[in-house]
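Using my numbering, read the sequence shown as starting at 1 and increasing by one per residue. Each residue gets a CB set at the ideal place from its N, CA and C atoms; glycine is no exception. Worksheet: the structure to be examined is printed underneath.
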Amino acid sequence: MRLFHGHAHFQMIFMHLINHEKPEEDTSVRAVILSGSGKAFCAGHNLKEMTAGRQAEDGGKAYFKDLFDRCATMMMSIQKLPQPVIAQVHGIATAAGCQLVATCDMAVAAQGTKFGVNGVNIGLFCSTPMVALSRNIPRKNAFEMLTTGKFIETEEAARLGLINRAVPHDQLESATRELADTVASKLTAAVKIGKQAFYQQMELNLVEAYDYAGDVMVQNMLFRDTEEGIAAFLDKRPPNWEQ
Numbered sequence: 001m002r003l004f005h006g007h008a009h010f011q012m013i014f015m016h017l018i019n020h021e022k023p024e025e026d027t028s029v030r031a032v033i034l035s036g037s038g039k040a041f042c043a044g045h046n047l048k049e050m051t052a053g054r055q056a057e058d059g060g061k062a063y064f065k066d067l068f069d070r071c072a073t074m075m076m077s078i079q080k081l082p083q084p085v086i087a088q089v090h091g092i093a094t095a096a097g098c099q100l101v102a103t104c105d106m107a108v109a110a111q112g113t114k115f116g117v118n119g120v121n122i123g124l125f126c127s128t129p130m131v132a133l134s135r136n137i138p139r140k141n142a143f144e145m146l147t148t149g150k151f152i153e154t155e156e157a158a159r160l161g162l163i164n165r166a167v168p169h170d171q172l173e174s175a176t177r178e179l180a181d182t183v184a185s186k187l188t189a190a191v192k193i194g195k196q197a198f199y200q201q202m203e204l205n206l207v208e209a210y211d212y213a214g215d216v217m218v219q220n221m222l223f224r225d226t227e228e229g230i231a232a233f234l235d236k237r238p239p240n241w242e243q
């Protein structure tokens with residue numbers, strides 16, 4: 001899915017795709033790649049549009065609430081999708097754009113890409129991007145990015161875990177596609193139940209997480225295709241999955 005041109009309307013476009021194309025219901029879609037079609041992956045919200053929103057009688061309060069609520073809904077929809085979502089990042093990913101990278105299940109970036117939650121530089125703390133960022137990289141590194149407004153580049157982003165890897169720009173599309181193809185080659189039902197379990201267990205304490213994950217593995221073991229996958233491994237042959 002090539003969703004945006006570096007700015008503003010990314011949440012509207014993504015939600016349109018989710019609501020109308022319904023990739024979660026299309027079993028032929030096994031992985032989703034998000035990429036930017038312009039000079040940047042995503043520069044976040046359009047500040048000119050946000051400024052225009054202040055013209056309302058309430059000074060923009062209702063507009064801003066709706067804007068950030070829709071953005072949060074879009075971000076959460078990524079983790080609710082059964083398919084893994086991979087960000088293919090180039091140029092810059094700032095504010096809500098950096099939030100989007102942090103939200104995606106995986107990310108591949110072109111070398112030299114810059115990442116930042118730099119709203120503090122103009123007096124607007126990136127509070128909603130903070131939610132995804134602080135769940136994706138170490139706490140002190142996230143806090144430093146949020147309070148200094150400084151950018152990091154791909155090598156640091158990979159070291160912190162914001163992205164999976166950095167590749168030369170001319171290899172970005174092929175490297176991202178290779179990752180997506182690898183994921184897509186796995187049993188769809190196993191990836192689906194695994195993605196759901198991955199995010200669910202992170203919100204639980206250790207004992208609850210193991211109890212929950214154990215139940216998920218029981219469900220997974222009862223899949224007919226999982227039985228076939230294990231049999232194929234023992235027989236040293238490719239699995240003949242129904243899905």
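Just mark residue i as buried or exposed, buried being the case when its beta carbon has 16 or more other beta carbons within 10 Å.
i, result
"Pro82", "buried"
"Lys114", "buried"
"Gly6", "Legend: pLDDT at Gly6 = 44, less than 50; position of this residue unreliable, value from coordinates given subsequently. Gly6 should be labelled buried."
"Lys236", "exposed"
"Phe143", "exposed"
"Leu222", "exposed"
"Ser35", "buried"
"Lys195", "buried"
"Ala166", "buried"
"Ala40", "buried"
"Ile230", "exposed"
"Phe4", "Caution is warranted here: a pLDDT of 40 is assigned to Phe4, below 50, making its placement in the model unreliable, and no coordinate value can be reported."
"Met247", "Lying before the first or after the last residue shown, residue 247 is absent from the chain, which here runs from 1 to 243."
"Leu67", "buried"
"Ile152", "buried"
"Ala8", "The predicted position of Ala8 is uncertain, since its pLDDT is 46 and thus under 50; a value taken from the coordinates is nonetheless stated next. It is buried - the Cβ of Ala8 has at least 16 other Cβ atoms within 10 Å."
"Leu234", "exposed"
"Pro84", "buried"
"Thr247", "Here the chain covers residues 1 to 243 and nothing more, so residue 247 does not appear."
"Leu247", "This structure leaves residue 247 out entirely; the chain is present only between 1 and 243."
"Ile274", "Limits of the chain in this structure are 1 at one end and 243 at the other, which puts residue 274 out of reach."
"Thr51", "exposed"
"Gly119", "buried"
"Leu124", "exposed"
"Thr147", "exposed"
"Thr128", "buried"
"Thr154", "buried"
Could you tell me whether the Cβ atoms of residue i and residue j are closer together than 7 angstroms?
i, j, result
"Ala31", "Ala180", "yes"
"Val117", "Gln88", "no"
"Ala209", "Gln201", "yes"
"Ala96", "Leu172", "no"
"Thr94", "Gly44", "yes"
"Tyr199", "Gln79", "yes"
"Thr176", "Ile92", "no"
"Tyr63", "Ala56", "yes"
"Leu187", "Trp241", "yes"
"Glu228", "Pro238", "no"
Who pairs with residue i in a beta bridge, going by DSSP?
i, result
"Met130", "Answer is none; Met130 lacks a bridge partner."
"Phe115", "Ala93 and Ile152"
"Arg237", "Its beta-bridge partners do not exist; DSSP assigns none."
"Val108", "Gln88 and Arg165"
When the cut-off is 7 angstroms and only beta carbons count, does residue i lie next to chain B?
i, result
"Glu57", "Looking for chain B here will not work: only one protein chain is present."
3 or more residues per run - each beta strand (DSSP E) lying fully within the region 26-96: Counting only runs of 3 or more, we get 32-36, 85-89 and 92-94.
Cβ pair count under 8 angstroms reaching 3, the region 203-219 against the region 94-106: In this structure the region 203-219 does not lie against the region 94-106, because fewer than three pairs of beta carbons, one per stretch, are closer than 8 angstroms.
Within the region 137-221, ranges of the alpha helix (DSSP H) (whole runs, at least 4 residues): 139-148, 154-160, 172-184, 188-202 and 206-221
Stretch pair the region 125-132 + the region 158-171: three plus CB contacts closer than 8 angstroms: no
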